[in-house]
Amino acid sequence: MFDYIPEMYKDEFADSIDESEAWVKEVVSGKLATHRRPPELLTRDVVAKAINSERDAGRASEHGGAYLDISWRNPEQVKKKLPGMYHQFKELAAVDITKERMEVGPTAHYVMGGVKVDPYSQETSVSGLFAAGEAATGLHGANRLGGNSLSDLIVFGKIAGEKASEYAKNVEYVEINQSEVDEVLAETLEPLSRKGGENPAKIVNDLRVMMQEKAGIIRTGELLKEALEDLDQLENRAKLSSPGGGMKYNPGWHQALEIGAMIDVSRMCALAALKREESRGAHTRDDFPETDNDHWGKINSVIKLSKDGSMKIEFTSYPKIPNELRKLLDAEDLMEEE
Ligand SMILES: Cc1cc2nc3c(=O)[nH]c(=O)nc-3n(C[C@H](O)[C@H](O)[C@H](O)COP(=O)(O)OP(=O)(O)OC[C@H]3O[C@@H](n4cnc5c(N)ncnc54)[C@H](O)[C@@H]3O)c2cc1C
0 MFDYIPEMYK
10 DEFADSIDES
20 EAWVKEVVSG
30 KLATHRRPPE
40 LLTRDVVAKA
50 INSERDAGRA
60 SEHGGAYLDI
70 SWRNPEQVKK
80 KLPGMYHQFK
90 ELAAVDITKE
100 RMEVGPTAHY
110 VMGGVKVDPY
120 SQETSVSGLF
130 AAGEAATGLH
140 GANRLGGNSL
150 SDLIVFGKIA
160 GEKASEYAKN
170 VEYVEINQSE
180 VDEVLAETLE
190 PLSRKGGENP
200 AKIVNDLRVM
210 MQEKAGIIRT
220 GELLKEALED
230 LDQLENRAKL
240 SSPGGGMKYN
250 PGWHQALEIG
260 AMIDVSRMCA
270 LAALKREESR
280 GAHTRDDFPE
290 TDNDHWGKIN
300 SVIKLSKDGS
310 MKIEFTSYPK
320 IPNELRKLLD
330 AEDLMEEE
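Numbering (numbering that gives the first Met the number 0), first residue to last: 0 to 337.
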């Protein structure tokens, strides 16, 4: 990882094994660190790209990732400092990290975009529908840093819950239209009547592999255009897929129902990534490696479904940051400079 420290982090991370070790010693003994952190602890997008580069250079681990090895450390210290990791690897992968190296690799970890919401109520453009957390647009911009999803959920989940309950108390009783209910029921049951199609699980897997390859960590315009074409084909296959079985305990049926939403989200990701001709946060375009603060830095991408079923992308400027928040940000900049 010493080869992968970005310029902007050069001052914050150790540049030698000795310095890294000095940091680990301090932290393990419960002291406040005075040395710089080891570069394995760089932000997730940097580590993911480093693993990707190592794989491209022909140095991948057995399954296309990299090895993370702490098995040479004192086992008691590993268990004390990383109890969750020790437990997870042991229980889920039968790997004892105090004795063996771990094989790790980048995976989809967060949808940085989301449903547009009002920041003060978390209400969407559908009246009475509230969203928070990963489903909603939020404050992370192009890169959610580790741990920030939890704080996002607590703060904006609380607001959404309170506002939704206020709304529910004040809203008039709504008569449910039975024909709309019947329509949804028919749509939901329809996959069970299909015969002879592919297993939906196979299509979900093909979608996963395709998106990882073509809209994954490093994107290019060419790959993203291919992804959009592949999504059309996957959508056609999905419509014909047949889960088989009945209504009880049938995960294939659930997959057949969910696959349309998965394709919609994938299409939005690929479209927004294709149009954003710059690199920013976790979005890296090999054909546009620079960050363009003058243009793209001021723009949000908004995707809407048209009446004809196609997706249209629009670009809007950021709303002006309110003064009370600006002051906080300025204070932070000032502290960093100090
Ligand atoms: C590998 C990985 C590691 C991560 N590590 C961290 C970390 O260290 N720190 C951190 O802060 N964040 C981390 N995150 C991100 C964080 O876990 C997620 O952003 C967060 O859990 C999202 O919470 P949520 O409530 O918005 O959505 P979810 O946790 O996805 O909850 C949505 C819920 O809705 C349910 N649901 C879906 N469809 C329906 C339906 N039709 N009807 C009813 N229910 C439905 C789902 O089953 C699910 O329970 C990590 C994510 C990943 C993938």
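All C-beta atoms in this analysis are idealised placements derived from N, C-alpha and C, irrespective of residue type, glycine included. No experiment lies behind these values; they were computed from the predicted model shown.
{"query": "Contact under 8 Å by Cβ, A342 with P199", "result": "What the structure shows of the chain is the stretch from 0 to 337, and residue 342 is not part of that stretch, so it cannot be assessed."}
{"query": "Alpha-carbon spacing of R279 relative to L144, whole angstroms", "result": "13 Å"}
{"query": "Pocket of ligand 1 defined by Cβ to heavy atom distance under 5 Å", "result": "H108, G132, E133, G146, S148, L149"}
{"query": "Among G29, I4, K224, the one whose alpha carbon lies nearest that of A271", "result": "K224"}
{"query": "Reduced DSSP secondary structure (H/G/I, E/B, other) of V170", "result": "coil"}
{"query": "E133 and S148 closer than 8 Å at C-beta", "result": "yes"}
{"query": "Residues near A49 by beta carbon distance below 7 Å, same chain, minus five either side", "result": "M0, Y3"}
{"query": "At least three beta-carbon pairs within less than 8 Å, the segment 83 to 101 to the segment 192 to 209", "result": "no"}
{"query": "DSSP beta-bridge partners of N299", "result": "T315"}
{"query": "Straight-line gap, G64 to R58 (C-alpha atoms, nearest Å)", "result": "9 Å"}
{"query": "Top-ranked residue by Cα proximity to K115, from G104, Y109, A107, A130", "result": "A130"}
{"query": "Under the three-state DSSP convention, the category E289 falls into", "result": "coil"}
{"query": "Length of the line joining the Cα atoms of N142 and N176", "result": "42 Å"}
{"query": "Beta-carbon proximity of M339 to H139, cut-off 8 Å", "result": "Since the displayed the chain opens at 0 and closes at 337, residue 339 lies outside it and no answer follows."}
{"query": "Y66 - partner residues in DSSP beta bridges", "result": "E102"}
{"query": "contact_flag[the segment 19 to 26, the segment 34 to 51] where n(CB pairs < 8 Å) is 3 or more", "result": "yes"}
{"query": "As assigned by DSSP and simplified to three states, the class of M111", "result": "coil"}
{"query": "Reduced DSSP category for A59 - H, G, I as helix; E, B as strand; rest coil", "result": "coil"}
{"query": "Under the three-state DSSP convention, the category E6 falls into", "result": "helix"}
{"query": "When I258, E289, M267 are compared against S309, the one with the closest alpha-carbon", "result": "M267"}
{"query": "Among P105, L227, E276, N73, nearest to S28 - alpha-carbon criterion", "result": "N73"}
{"query": "Host alpha helix (DSSP H) of W187 (start-end)", "result": "At residue 187 the sequence reads Thr, which differs from the Trp that was named. It spans 177 to 188 - the alpha helix (DSSP H) in which T187 sits, taken as one unbroken run."}
{"query": "Within-8 Å CB hit, D68 to chain D", "result": "Chain labels in this structure do not include chain D; a single protein chain is all it has."}
{"query": "Pair within 8 Å by beta-carbon distance, I262 and E234", "result": "yes"}
{"query": "Under 8 Å between C-beta atoms of N127 and Y166", "result": "It should be noted that the sequence gives Gly, not Asn, for residue 127. The answer is yes: Cβ separation under 8 Å."}
{"query": "Whole-number beta carbon distance between S124 and K162, since they are thought to touch under 8 Å", "result": "No, K162 and S124 are not in contact; Cβ-Cβ is about 15 Å, not under 8 Å."}
{"query": "Which listed residue (L41, P5, E39, G259) has its alpha carbon closest to that of D231", "result": "G259"}
{"query": "Buried or exposed (CB count within 10 angstroms, at least 16 for buried), S240", "result": "buried"}
{"query": "Buried or exposed by the 16-neighbour rule on C-beta atoms within 10 Å, applied to A185", "result": "exposed"}
{"query": "Cutoff 7 Å; reference V77; Cβ partners in own chain excluding five residues on either side", "result": "I69, Y85, I96, T97"}
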